[in-house]
Amino acid sequence: MPSPGIGPDIGHVNIFLSSNPSKEPLIKDGQRCCGEIGTNKITSQQRSPPRSTLLSWKAQISSLIASLFCFVAIVIVLQILDGRPLPNFKLKWVRARNMRPMDDFRTVDEASRGPWGSALLLIRGKGGFIGAFGALVTITALGISTFAQQGLDYVTVYPFTNEATIPVAHYLNSTGIAQLGDGTSVMGVPNELLSSPYTAFFRNLGTGGDGTTFIGERCSTGNRTWEFYQSLGICSRCEDLSGQLNATELYLEHTPDMPPLYWNPFNYSLPNGFTLTGSGLHTPKTGLMNVTTTDPNLQPVSGPFAPDGTKYASTIAFEENVSSVLDVFVIGPSPGTFYERPEMLGRRFKHEPPVAYECALEICVAGMSARQTDGRTSETTYRTWINDTKRNDRGIVSSTKSNLYLSGEDFDTTFIVTSQSLFALRSWLSSLMQGDATIQAGYISNDSFILFPQYSSDLIQQMASTMNRSADGFPKLMDQLARSISLNLRITKDQPPVVQGKAFTAISHAVVSWAWLVLPMVELVGSLVFLVVVMV
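Number 292 in numbering that gives the first Met the number 0 belongs to position 293 of the sequence shown; there are no gaps in the numbering.
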């Protein structure tokens with residue numbers, strides 16, 4: 000049991016010490032206890048002596064006593080006035096009882112008719128200045144409460160530390176393994192990148208400046224800034240090739256055993272031979288979308304062949320600066336031409352020409368700044384540096400089998416992408432991005448039919464749906480993909496140290512505006528002067 004007069008906490012400590020006669024202190028040096036750094040054992044001798052209870056409340060007790068005296072004074076005045084009759088005639092007639100009654104009567108009468116007469120009454124009457132001064136003091140007292148409240152204000156200040164960090168990437172060199180669409184695997188893709196395509200296609204990451212939570216950032220506060228930093232990543236650029244589509248009308252023949260297919264009666268092709276096939280004679284399917292990829296070596300990874308068996312050139316829009324990773328070609332539905340809701344699939348489609356894009360994914364270095372406010376982070380890209388891959392005389396890109404070296408604004412920093420990782424990244428993305436979407440028709444009854452969309456993968460389905468909803472849906476998806484890969488690349492191993500930034504903490508400070516206390520001080524001095532004059 001704890002001894003009398005000792006609190007329960009100290010008693011428990013004493014019992015513990017008596018049953019554990021250890022020489023080591025309970026709190027070691029540097030150990031945090033209750034928000035403080037403990038350096039020695041806690042003993043009752045080190046506690047500061049308790050202060051007197053009355054002394055600690057002296058300000059409050061004094062204020063209460065002063066208020067009590069004021070209340071007593073009010074009660075005394077009310078007691079004196081209790082039961083006494085009030086004057087039942089005006090002041091001007093009271094003054095008529097004095098000497099010189101007509102003169103006083105004229106002065107009081109003029110005072111009742113305007114401000115000038117009132118001023119003369121204060122000047123001519125006995126004690127007029129004292130009365131005027133007392134009235135001024137009384138009226139001024141009405142503003143004491145307002146001015147006193149304005150004297151104290153609360154301002155939020157933002158002190159900062161250098162604890163904010165954000166990861167960056169300088170290298171792409173990995174031994175990770177990624178599975179390809181044909182069942183094989185390729186070595187050189189970091190494991191952290193494997194979720195990037197799905198994150199980009201099924202989650203709105205946004206672009207720089209719209210507010211995005213980055214991966215790997217750490218900070219104890221929700222407000223921080225990073226002035227400028229550079230990071231290795233993937234950039235995307237797209238060109239609209241819809242104007243270069245060549246339409247070839249198909250021969251359609253309706254037979255009793257075949258439902259009518261009116262959605263796409265054409266074959267559409269680009270100048271490099273890439274096509275979207277419509278519904279022809281006895282064709283059970285019609286093309287909705289077709290996607291393929293090509294590498295920067297002017298040869299498609301997989302795609303159309305010319306009649307003589309040779310592969311078509313890879314790029315149409317980027318002849319001068321070939322992509323360092325791969326090009327993506329798509330021919331897909333125009334916005335609003337495909338009904339995605341099941342209850343509308345039985346309708347006949349209004350045929351509209353498809354749209355086509357070529358998008359290049361390339362290695363780049365981005366110069367950025369970032370800002371986080373209330374836990375929401377936005378990143379702004381000021382400039383990007385890419386590897387301007389050129390063709391040689393034979394039309395072959397020489398850098399496809401060598402490492403890539405890039406420099407940003409600071410030429411002392413070199414960003415490196417190994418050839419093995421570049422090849423693996425290209426092969427892995429190519430296997431994911433290739434595919435098609437088709438529509439197959441089937442009878443429900445003799446007079447109606449239904450159209451069944453079929454997609455080669457979930458990513459292809461999301462591409463078709465996005466293109467059907469927005470005119471720039473496909474370019475935005477490619478931007479999302481490049482951004483997702485770039486963000487995940489920052490958290491791969493063997494990257495440089497994180498970039499330091501400023502972490503701000505919001506703290507409210509009390510600020511006194513002394514100018515607001517001038518009126519209460521003047522009122523106090525005026526009251527003192529008025530009291531002295533009246534007493535004398």
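Using N, Cα and C, we set each Cβ at its ideal position, and we do this for glycine too.
Please go through the region 432 to 510 and give each complete alpha helix (DSSP H) segment of 4 or more residues, from N-terminal end onward. 457 to 468, 472 to 488
Residue ranges of each alpha helix (DSSP H) within the region 124 to 148, 4 or longer: 127 to 139
Residues near residue 427 by beta carbon distance below 7 Å, same chain, minus five either side: Taking the first residue of the sequence shown as 1, we reach residue 427 at position 428. So the list reads 177, 179, 185, 188, once near-sequence residues are dropped.
If we count the other Cβ atoms within 10 Å of its Cβ and call it buried at 16 or more, is residue 267 buried or exposed? Here the question's residue 267 lines up with position 268 in the sequence shown. Buried, because 16 or more other Cβ atoms sit within 10 Å of the Cβ of residue 267.
Enumerate in chain order the residues of its own chain whose CB-to-CB distance from residue 406 is below 8 Å, with the five nearest sequence positions on each side excluded. Numbered from 1 along the sequence shown, position 407 holds the residue referred to as residue 406. Hits under 8 Å: 364, 384, 412, 413, 414.
Could you give the DSSP three-state label for residue 151: helix, strand or coil? Against the sequence shown, residue 151 aligns to sequence position 152. Residue 151: strand per DSSP, three-state reduction.
Which word fits residue 425, buried or exposed, when buried means at least 16 other C-beta atoms lie within 10 angstroms of its C-beta? As a first step, residue 425 must be located in the sequence shown, where it is residue number 426. Answer is buried; the Cβ neighbour count reaches 16.
What residue range is occupied by the uninterrupted alpha helix (DSSP H) comprising residue 70? Stepping through the sequence shown from its first residue, residue 70 is reached at position 71. Its alpha helix (DSSP H) spans residues 57 to 80.
Counting pairs of Cβ atoms below 8 Å between the region 227 to 244 and the region 474 to 491, do you hit three or more? yes
Looking at C-beta atoms only, is the number of pairs between the region 105 to 125 and the region 501 to 521 that lie closer than 8 Å three or more? no
On the three-pair Cβ rule with 8 Å, is the region 135 to 144 touching the region 461 to 473? no
Beta carbon of residue 328, beta carbon of residue 240: below 9 Å? By one-based count along the sequence shown, residue 328 stands at place 329. By one-based count along the sequence shown, residue 240 stands at place 241. Yes.
Secondary structure at residue 372, three-state DSSP: helix, strand or coil? Position 373 of the sequence shown, counted from the first residue, corresponds to residue 372. Strand, per DSSP.
Euclidean distance between Cα positions of residue 498 and residue 195: The count along the sequence shown starts at 1 and reaches residue 498 at position 499. The count along the sequence shown starts at 1 and reaches residue 195 at position 196. Each residue's Cα considered, the two are about 23 Å apart.
Rounded C-alpha distance that separates residue 307 from residue 248: As a working mapping, residue 307 is identified with position 308 in the sequence shown. As a working mapping, residue 248 is identified with position 249 in the sequence shown. Residue confidence is low: residue 307 scores 42 on pLDDT, short of 50, so the model does not pin down where it sits. Its coordinate-derived value is still stated next. Roughly 24 Å separates the two Cα atoms.
Does the beta-carbon distance from residue 288 to residue 221 come in below 9 Å? The residue you call residue 288 lines up with position 289 of the sequence shown. The residue you call residue 221 lines up with position 222 of the sequence shown. Contact flag unset, no.
Measuring only the C-alpha atoms, how far is residue 515 from residue 507? As a working note, residue 515 is residue 516 in the sequence shown. As a working note, residue 507 is residue 508 in the sequence shown. Taking the straight line joining both Cα atoms gives about 21 Å.
Which residues DSSP lists as bridging residue 384, in chain order: For the purposes of this step, residue 384 is taken as residue 385 along the sequence shown, with counting starting at 1. Looking at the DSSP assignment, residue 384 forms a beta bridge with 364.
Between which residues of its own chain and residue 336 is the CB-CB distance below 6 Å, once the five residues before and five after are set aside? Taking the first residue of the sequence shown as 1, we reach residue 336 at position 337. Only 351 meet the Cβ criterion.
Going by beta carbon distance, what residues of the same chain come within less than 6 Å of residue 470, once the five residues before and after it are set aside? Against the sequence shown, residue 470 aligns to sequence position 471. Answer for residue 470: 334, listed in chain order.
Output needed for residue 171: all residues of its chain with C-beta closer than 6 Å, excluding positions within five of it in sequence on either side, in chain order. Residue 171 sits at position 172 when you count from the first residue of the sequence shown. Excluding residues within five positions, the ones whose Cβ falls inside 6 Å are 416, 420.
Does the Cβ of residue 71 have 16 or more other Cβ atoms within 10 Å, making it buried, or fewer, making it exposed? Here the question's residue 71 lines up with position 72 in the sequence shown. It counts as exposed.
Give the C-beta separation of residue 401 and residue 361 to the nearest angstrom, bearing in mind that I take them to be a contact with Cβ-Cβ under 8 Å. The residue you call residue 401 lines up with position 402 of the sequence shown. The residue you call residue 361 lines up with position 362 of the sequence shown. Their Cβ separation, rounded to whole angstroms, is 16 Å, which puts residue 401 and residue 361 out of contact at 8 Å.
Rounded to whole angstroms, what is the Cα-Cα separation between residue 527 and residue 76? Counting from one through the sequence shown, the residue named residue 527 turns up at place 528. Counting from one through the sequence shown, the residue named residue 76 turns up at place 77. The alpha-carbon atoms of residue 527 and residue 76 are separated by roughly 20 Å.
If you measure from the CB of residue 189, is any heavy atom of the ligand GDP nearer than 8 Å? Absent from the structure shown: the ligand GDP. Ligands present: none.
Using the three-state DSSP reduction, which class does residue 108 fall into: helix, strand or coil? Here residue 108 corresponds to residue number 109 of the sequence shown, with the count starting at 1. Three-state result, residue 108: helix.
Does the beta-carbon of residue 259 have 16 or more other beta-carbons within 10 angstroms, so that it is buried, or is it exposed? Counting from 1 along the sequence shown, the entry for residue 259 is found at position 260. Confidence at residue 259 is low in this model, with a pLDDT of 49, below 50, so the placement of that residue is unreliable and no value is reported for it.
When the Cα atoms are used, what is the spatial distance from residue 65 to residue 78? Sequence index remark: in the sequence shown, residue 65 carries index 66 (1-based). Sequence index remark: in the sequence shown, residue 78 carries index 79 (1-based). When rounded, the distance between both Cα atoms is 20 Å.
With residue 270 and residue 356 assumed to form a contact (beta carbons below 8 Å), what rounded beta-carbon distance in angstroms separates them? Position 271 of the sequence shown, counting from 1, holds the residue named residue 270. Position 357 of the sequence shown, counting from 1, holds the residue named residue 356. Incorrect: roughly 14 Å between the Cβ atoms, too far for contact.
Under 8 Å by Cβ, that's how I've got residue 433 and residue 292 pegged, so tell me the actual separation to the nearest angstrom. The residue you call residue 433 lines up with position 434 of the sequence shown. The residue you call residue 292 lines up with position 293 of the sequence shown. Rounded, the Cβ-Cβ distance is 6 Å, consistent with contact.
Just mark residue 437 as buried or exposed, buried being the case when its beta carbon has 16 or more other beta carbons within 10 Å. One-based indexing of the sequence shown puts residue 437 at position 438. Label assigned to residue 437: buried.
If you reduce the DSSP assignment to three classes, tell me which class residue 197 lands in. One-based indexing of the sequence shown puts residue 197 at position 198. Looking at residue 197 - three-state DSSP - the assignment turns out to be helix.
Buried or exposed: which applies to residue 108, given that a residue is buried once 16 or more other Cβ atoms fall within 10 Å of its Cβ? Counting from one through the sequence shown, the residue named residue 108 turns up at place 109. Burial call: exposed.
Using alpha carbons as the reference points, say which of 372, 409, 325 lies closest to residue 366. Position 367 of the sequence shown, counted from the start, is the residue given in the question as residue 366. Checking every option, the nearest Cα to that of residue 366 belongs to 409.
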